[in-house]
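Undergrad:
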Amino acid sequence: MNLQQLHIESIGQGPDLVLLHGWGVNSAVFSPLTTALAEYRVHFVDLPGFGYSQAVDGNIHNWLTAIMEQVPDKAIWTGWSLGGLVAMLAAAHYPERVSALCTIASSPCFMAREDWPGIPADVLGLFASQLTEDLDKTVERFLAIQAMGSQTAKADIKHLRELVLARPRAQANALAQGLDMLETVDLRSQITEIKQPWLRVWGKLDGLVPRRVIKAMPQLEHSQDLLMAKASHAPFISHTSEFIQGYQQWLTTQAKSVNAS
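Mapping to UniProt numbering: the sequence shown position 132 is 132, numbers consecutive.
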């Protein structure tokens, strides 16, 4: 096995759909969506160093290269949080291979800047310093922040934790890489290059990607926004049915376009 080979679980038949998870977790977090996506060939990707995947040295571009080597030539990409950042980069750099894009609770620039709402620098810095002390506790705290604001926060955290623990815990270097991406990657100048259909799903109560990001995002010709009023950072966990309804409707349209072409 290639030491940099990623673990990708491919299930079902139909149009190809690539799913990328967020920081600190693995692709098992998408388990609640499996039944609803039965009409697709779904590729559940464990990001480098997460779940069953080997780590990949380098930055977000190295991660993307490793993913592109193992996913279908043309697919609909969906990324949650950090996975959304990777998916945006894929759509901008490989337009011929990404037929449509869906991002869930994701921003082209996660860290707050003078002209951009986001996560305060000291919060990300604290997580980075805590990583060296206690990996598990740091991930646990991050899961808690992701559920913060949700009316079902305790249940959401419990569900996320159970799904995450179903696979090997993330490697320390991969966690550090991911945090660095959340802190430094800024794709704002590149997202205007995304010409594919783009569904952007937001949680109104999200504590990591504030809803002010929605207004700050460029309105592109093929983009549409789905704001889930009672959801936080993990809408497919806290409001699974509502999320699936909006996501499936959009997917059906994209699948028809792919078949037509």
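No residue lacks a Cβ here, since even glycine has one placed at the ideal position from N, Cα and C.
Under a three-way DSSP split, which group does GLY203 fall into?
TA: If DSSP states are grouped into helix, strand and coil, GLY203 belongs with the strands.
Undergrad: Would you decide whether GLN245 is buried or exposed? Buried here means 16 or more other CB atoms lie within 10 Å of its CB.
TA: Counting Cβ neighbours within 10 Å, GLN245 comes out exposed, since fewer than 16 surround it.
Undergrad: What number of angstroms, rounded off, separates the C-alpha of PRO108 from the C-alpha of GLY12?
TA: Distance between the alpha carbons of PRO108 and GLY12: 31 Å.
Undergrad: I think LYS230 touches GLN146, with their Cβ atoms under 8 Å apart; what is that distance to the nearest whole Å?
TA: The pair is not a contact, with the Cβ atoms about 15 Å apart (cut-off 8 Å).
Undergrad: Name the two residues that bound the continuous beta strand (DSSP E) containing SER99.
TA: Run containing SER99: 98-104, per the beta strand (DSSP E) assignment.
Undergrad: On the DSSP bridge assignment, give the partners of PHE44 in chain order.
TA: Note: PHE44 sits in a beta bridge opposite GLU9, LEU19.
Undergrad: If the criterion is Cβ atoms closer than 8 Å, does the pair MET68 and TYR52 meet it?
TA: Cβ atoms of MET68 and TYR52: not closer than 8 Å.
Undergrad: Taking only the alpha-carbon atoms, compute the straight-line gap between VAL45 and PRO32 and give it to the nearest angstrom.
TA: When rounded, the distance between both Cα atoms is 15 Å.
Undergrad: Specify the secondary structure class of residue 287 as computed by DSSP and reduced to three states.
TA: The question about residue 287 has no answer, for the chain in this structure spans 1 to 261.
Undergrad: Please state if the CB of GLY83 and the CB of LEU20 are separated by a distance shorter than 8 Å.
TA: It is a contact, given that the beta carbons lie within the stated cut-off.
Undergrad: On the criterion of 16 or more Cβ atoms from any shown chain inside 10 Å, does THR132 qualify as buried, or is it exposed?
TA: THR132 comes out exposed.
Undergrad: Taking its Cβ as the centre, do 16 or more other Cβ atoms sit within 10 Å of MET1, making it buried, or is it exposed?
TA: With a pLDDT of 38 at MET1, under the threshold of 50, the modelled position of that residue is not reliable, and the figure given next carries that caveat. Classification for MET1: exposed.
Undergrad: Could you work out which residue in LYS137, LYS158, VAL209 is closest to ALA172 when comparing CA atoms only?
TA: Per the Cα distances, LYS137.
Undergrad: Starting from THR192, follow the alpha helix (DSSP H) in both directions and report where the run begins and ends.
TA: From DSSP, THR192 is part of no alpha helix (DSSP H); its letter is neither H nor E.
Undergrad: So does the region 58-77 actually touch the region 203-222, counting three or more Cβ pairs closer than 8 Å?
TA: No: the two stretches stay apart, fewer than three of their Cβ pairs being nearer than 8 Å.
Undergrad: How far does the alpha helix (DSSP H) with ALA216 in it extend, from its first residue to its last?
TA: Its alpha helix (DSSP H) spans residues 212-216.
Undergrad: Output the residue ranges of the alpha helix (DSSP H) runs that lie fully inside the region 57-132 and measure 4 residues or longer, sorted by chain position.
TA: Correct list: 60-68, 82-93, 121-131.
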